[in-house]
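Undergrad: Mind looking over this structure? Questions follow.
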Amino acid sequence: MSGAGVRDDAAGATPAPRDVLVLGGTAWIGGLVAARLAARGDRVTCLARGTGGPAPDGTRLVRADRDRADAYAAVESTEWDEVVDLTSSAEHARTAVAALADRARHWTLVSTVSVYAAPARPGDDETAAVVEPVDLEDYGQAKAAAERAVTAALAGRRMIVRPGLVVGPGDDSDRFGYWPARAALAGDGPVLVPDAEGRRAQVIDARDLVDLVVDVGARRLDGVVDAVGESVPLADVLDLAAEAAGSTGERVVATDAQLTAADVRHWAGPRSLPLWLPHDAVGLTARSDAGIRALGARRRPLAETVRDVLDDERARGLDRPRRSGLTRAEELQVLAALG
């Protein structure tokens, strides 16, 4: 794999039930990982506070606060075939490997592409420089410190998976889902969109990310991989969203200057147009996907993800309060101002 130096220690091995510890396992991605492992036939233990929801069926929940010194007391005497950690806390990563590294045959850390020092450089891969972890309150720097801790303790038997933007059913960030939901809500009415010229989108379906995490652990891979989707024109996402929703309304294109003047924000959060980025940040949506392709990972068609996300959005309510995007009332106000 390009730049990742991945080694496969279980190539050709016959799958067998394993003892797997998921550090997390009750929130969105962690819950999907735990459920997928259990469906595979593994004996899965989730160590979590349990505030993110129940552990998936077929798994065992050990309630623990990773801020406490005795957080791993209930699991540190077990020999684990695999440990999966999803933490964004450098301290939690350090204490976990201190307590469990000697008991783990293999370790998978779910990190982030935000660890890169120059994340907006188009075409970069896993060989790009990682940020120096100085401010551990910063998400990317904390993940970089977590990577260091895991690598120092488990060199030769650790896999670092760096996802880009993760989307799919159950995503409560409300970014990607905004577009199919808004197209469906608008119906034959107008939809405000940014100027998509020269802009791109790069997402990975959560279910494909989970399959990758499970696969690299089962194969006991050692290395680093960027878990990213294919980089596609942003216009493709807008087209697929409208198609899935059966939207027949006009898409009203606003320039960057018009959106800025209307106090519409980039990328995410309230009063934003999700996935819209400044032109100088295009590299955030144009990383190399050679590494994940080299591993043979499945990435479902974007159209499938859009359809499934729309089904999820309908179930949750198209007009519900959102963490990201414009309300329909805000959108109509901006459209009216555009004339």
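One rule links them: number in our numbering = place in the sequence shown (from 1) + 2.
Glycine residues also receive a C-beta, built at the ideal position from the N, C-alpha and C atoms.
W269 lies in the beta strand (DSSP E); which residues open and close that run?
TA: Note, W269: beta strand (DSSP E), R267 to W269.
Undergrad: Go to A50, then tell me how far its alpha helix (DSSP H) extends in each direction, as first and last residue.
TA: From DSSP, A50 is part of no alpha helix (DSSP H) but of the beta strand (DSSP E) over R45 to A50.
Undergrad: Taking only the alpha-carbon atoms, compute the straight-line gap between R1 and A183 and give it to the nearest angstrom.
TA: In the structure as shown, the chain starts at 3 and stops at 341, and residue 1 therefore has no counterpart that could be examined.
Undergrad: For T153, which of helix, strand or coil comes out of DSSP?
TA: Here T153 sits in helix by DSSP.
Undergrad: If you draw a straight line from the alpha carbon of A288 to that of T329, how long is it in whole angstroms?
TA: Distance between the alpha carbons of A288 and T329 is about 29 Å.
Undergrad: May I ask which residues mark the beginning and end of the beta strand (DSSP E) holding G225?
TA: L223 to A229
Undergrad: What does the Cβ neighbour count give for D265, buried or exposed, with the cut at 16 atoms within 10 Å?
TA: exposed
Undergrad: So L23 is in the beta strand (DSSP E); what residue range does that whole segment cover?
TA: D21 to L25
Undergrad: Measure the beta-carbon distance from Q204 to V230 and round it to whole angstroms, keeping in mind my assumption that it falls under 8 Å.
TA: 6 Å
Undergrad: So the beta strand (DSSP E) W109 belongs to, where does it begin and stop?
TA: For W109, the enclosing beta strand (DSSP E) covers residues W109 to V112.
Undergrad: From the DSSP output, read off the bridge partner residues of R164.
TA: D228
Undergrad: Please classify V136: is it buried, with 16 or more other beta-carbons within 10 angstroms of its beta-carbon, or exposed?
TA: exposed
Undergrad: How would you write the range of the alpha helix (DSSP H) that T97 sits in, first residue to last?
TA: A92 to L102
Undergrad: Roughly how many whole angstroms lie between the Cα atoms of V132 and R150?
TA: 10 Å
Undergrad: Does DSSP put E139 in a helix, a strand or coil?
TA: coil
Undergrad: Short of 8 Å in beta carbon distance, which residues of its chain neighbour I31, apart from the five on each side in sequence? Order them along the chain.
TA: L88, V112, V168, A208, L211 and V212
Undergrad: Give the secondary structure of H82 by DSSP, where H, G and I count as helix, E and B as strand, and everything else as coil.
TA: Checking the displayed sequence, the identity of residue 82 turns out to be Trp instead of His. The DSSP-derived three-state label of W82 is strand.
Undergrad: To which residues of the same chain is P276 closer than 8 Å at the C-beta, ignoring the five residues directly before and after it?
TA: D176, R177, F178, Y180, W181, W269, A270, S326 and G327
Undergrad: Can you tell me the Cα-Cα spacing of A157 and E84, whole angstroms?
TA: 15 Å
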